[in-house]
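Presented below is the structure to which this report refers.
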Amino acid sequence: MFCFSILYCRKWAKSTSEVENYFFITIFGEKNDYMFLIGIGKSDITAYKEGVGMLGYGLYHHIMMGVETPLYARCFIVQDVLTGQKVAIINCELCFITPSLKKGILKELGEKHPHLGWDDHNLLLSAQHTHCAPAGYSFHGLYNMNAPGFIPEIYYKIVNGIVDAILAAEAKKERGTLHISSSHFAPEIPVSFNRSIRSYNQNPEVKKLTYDERHLAVDREMTLIRFVAADGKEIGSINWFAVHTTNLSNMFLRLCSDNKGFAATYLEQHMKDRNPDYLAAFAQGACGDVSARYVYNPKLPFQRGKYEGKYADDLKSSQYNGQLQFEKALEIIETSGEGIKLEADVDAGVLYVDFGFVDIDPKFTNGKEGCMTSPSCMGVAFLEGSKMDGPGMHPVVGFFAKGLANFVKVWDHLKAGLFGSKNWKDLIKRQDKAQGNKHIALECGNRRIFGTFNVHRFFLPGFTDELIRNLKIYAKKGAMKKKPWTPQRLPLQFVKIGSLAIIGIPFEITTVASWRLRKTIEDVLFPKGFNKVILCPYTNAYSGYITTNEEYQLQDYEGGHNVFGQWSLNALQQKCHELSEEMLKSKEDRHLSPHIVPRQWTDDELQLFEHFEGYYFKRVKKKQERLKNKVDRVTKKFNRKALK
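First residue of the sequence shown? That's 7 in the working numbering, and the numbers climb one at a time after it.
In structure tokens, the structure reads:
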């Protein structure tokens, strides 16, 4: 009978280790200390193609002209030995994750490795938000404009690299434990600064701080999970800390993982003596209004931004900031002892939300009724960029753009009142309520630019800005007509490991907004035995910023890029509350909106976004060719003289 039980258990167990632990508990009646299987894997995702644009700054001249550092995907698999339930936490050195990436990864795993059991729920895919990583891997049109287009070789390099990291982690699974600890950066350490201090001070719950105190208007806590093998060997770690990965400016034209990438490399190198395969990931926190730049330099050009890090050399500043993060992570590892030891209880779930049409319960708006979101809109403040991390359109141009946005708003109301259908009137009304005082430039959900659906006929000539030119080219081909330009149906993910909840959100969230969101989730989970909530931004998809309602009213850059409107945070709180409550139920009783699914693109639709060389890159190549010819002529002339 005992032998029969062993054979039966091996049918459902994922490994011999699970069978051993099952019988350890069955016979001895107590829990093994090593009830997790832990796997780590790392793979290269350096998708380099000369001249292709990079994501983050959204400027046509920010293109790939070399590789400074490789880009990696780092995967941590955590599996409950007894139940077989597992999750993968993957951090990628990319600007952000797109729904297309996760779809491609799941398709590859489902077709070639279905026995591994990976699905949308147990795979958490996040980015550390470097702005010096490639564009061209999104199905949504707007994020490909500075590539320009969708580039299959970049897409598949990233997809296959992430899949390789998952497979490597699966192959290395061993028994071990997880420990979670936190530590704060001291105020004098120049690691992070609030870049929108006037917006921060709008929030009623904060102490009002001056410009010189902006280093205090951020979340200075780093939270770290240690992965430790059964024999005590350090396997790896992942931490979350909030600071924009933007030490490298929009004038830096080489692929690079920036400050968090350097931090990960430093920690992995430091731990080589203990474990040559040690894996370190530096994930992103609530960095929506947090910058690594803090030194004002009036001599710098406007388009670059007049702020820099500790050094005039951006690369050196990036390495310095990475060093600070590395030192804090190492301090946590070496001084925290075991920290909070997580029990083996693994679960995960994903809730899809159409964020363009959320009607918000007054209990999430302090009793205010009639609050809602609308399909995504980007404001002129977004086009003007972040003054500290990367300006966009010049303020003079922005002034006229705001006037145009106001005219469009009045004209829309007039047309809707006189000629509009009921659906159009309702949509305009909803947009007004949701977007408030935003000067709307791009209606990504409704596919309009400054009020026109005919993007290719937009009055601004293409020669004024290459991104406008690219937008018109793709619009003329019909690529911008049928689908939203940015994602509207977005995933929220809940990962449970013991008493820890990791909440994956597809946004950049500001400091105070993150405090409010975390409190909403904690109010649901803490009475049920949880004791830690980690917010994990840039997860599974991306669609702009989340600010508080008070921050939104000032329409700084973050408010202009809060695409679903002034009540977006409240909508997110409501949906995370809903997800948390559902995850407390048994699996068979959960309702996670299966009817809301991401939009799908056909091959023909993607073909409309076929890549072409950008006009700026063509000029760069011509300049390089002229320089090369000049050097060749001088060299030949010198050689002739030498022969004489």
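In this text, a Cβ means the ideal position worked out from N, Cα and C, and glycines have one as well. It should be emphasised that the depicted structure is a prediction, and the values quoted were computed from it without experimental measurement.
Quiz prompt | Rounded straight-line distance, which links the Cα of R280 to that of Q580 | solution = 45 Å
Exercise. For I111, collect the residues of the same chain with a Cβ closer than 8 Å to its Cβ; drop the 5 residues on either side in sequence, then sort them by chain order.
Key: L129, L131, V165, I168, V169 and I172
Quiz prompt | C262 - containing alpha helix (DSSP H), residue span | solution = Run containing C262: none; DSSP gives neither H nor E here.
Quiz prompt | Supposed close pair T492, S382 - CB separation, criterion 8 Å | solution = 6 Å
Exercise. Indicate the three-state DSSP secondary structure (helix, strand or coil) for K634 in the structure shown.
Key: helix
Quiz item: Between L77, G72, E375 and S549, which lies nearest to S49 when the distance is taken from Cα to Cα?
Solution: L77
Quiz item: From H597, K647, W521 and F247, pick the residue whose C-alpha is nearest to that of E211; which is it?
Solution: W521
Quiz item: Who are the Cβ neighbours of I186 in its own chain at under 8 Å, not counting the five residues just before and after it?
Solution: T229, L230, I231, R232, G345, I346, L348, L506 and K538
Quiz prompt | Contact under 8 Å by Cβ, A223 with I203 | solution = yes
Quiz item: Pick from G343, P397, K163 and P368: whose alpha carbon is nearest that of S188?
Solution: G343
Practice problem: Can you give me the start and stop residues for the alpha helix (DSSP H) that L420 sits inside? | Solution: P401 to F425
Exercise. Can you check the region 448-528 for any alpha helix (DSSP H) of at least 4 residues that lies completely inside it and give the ranges in chain order?
Key: 472-482
Exercise. Could you tell me whether the region 539-557 touches the region 505-519, where touching means 3 or more Cβ pairs closer than 8 Å?
Key: yes
Quiz item: By Cβ distance, which residues of its chain are closer than 7 Å to N443, with the 5 residues on each side in sequence left out?
Solution: Q559 and Q561
Quiz item: Do the region 438-455 and the region 596-605 touch if we need at least three Cβ pairs shorter than 8 Å?
Solution: no
Exercise. Using a threshold of 8 Å, state whether the C-beta atoms of H146 and T104 are closer than that.
Key: yes
Self-check item: Whether M378 touches W573 by CB criterion (8 Å)
Solution: yes
Exercise. Write down every uninterrupted run of the alpha helix (DSSP H) in the region 67-151 whose length is 4 residues or greater and which is fully enclosed by it, in chain order.
Key: 105-118
Exercise. Please go through the same chain and pick out, in chain order, the residues whose beta-carbon is closer than 8 Å to the beta-carbon of T75, but skip the five residues on each side of it.
Key: L261, C262, S263, G267, F268 and T271
Exercise. Determine contact between the region 252-261 and the region 311-323, defined as no fewer than three beta-carbon pairs at a distance below 8 Å.
Key: yes
Self-check item: DSSP-derived helix/strand/coil call for S189
Solution: strand
Self-check item: Segments assigned beta strand (DSSP E), at least 3 residues, entirely inside the region 217-296
Solution: 227-235, 240-247 and 285-290
Practice problem: Kindly provide the ranges of any beta strand (DSSP E) runs that are 3 or more residues long and lie completely inside the region 315-349, ordered along the chain. | Solution: none
Practice problem: State buried or exposed for W417, treating a residue as buried only when at least 16 other CB atoms are found within 10 Å of its CB. | Solution: exposed
Quiz item: Going by beta carbon distance, what residues of the same chain come within less than 6 Å of C293, once the five residues before and after it are set aside?
Solution: A248, V249 and H250
Quiz item: In the DSSP assignment, what residue or residues form a beta bridge with E180?
Solution: I44
Quiz item: With C-beta atoms as the reference, is L43 less than 8 Å away from V93?
Solution: no
Self-check item: Alpha carbon of R632 to alpha carbon of G59, nearest angstrom
Solution: 23 Å
Exercise. Determine the burial state of T470: buried for a count of at least 16 other Cβ atoms within 10 Å of its Cβ, exposed for fewer.
Key: exposed
Quiz prompt | Nearest to V197 (by Cα), restricted to the options G47, E176 and R220 | solution = R220
Quiz prompt | Simplified DSSP assignment, three categories, for M589 | solution = helix
Practice problem: Mark V84 as exposed unless 16 or more other C-beta atoms lie within 10 angstroms of its C-beta, in which case mark it buried. | Solution: buried
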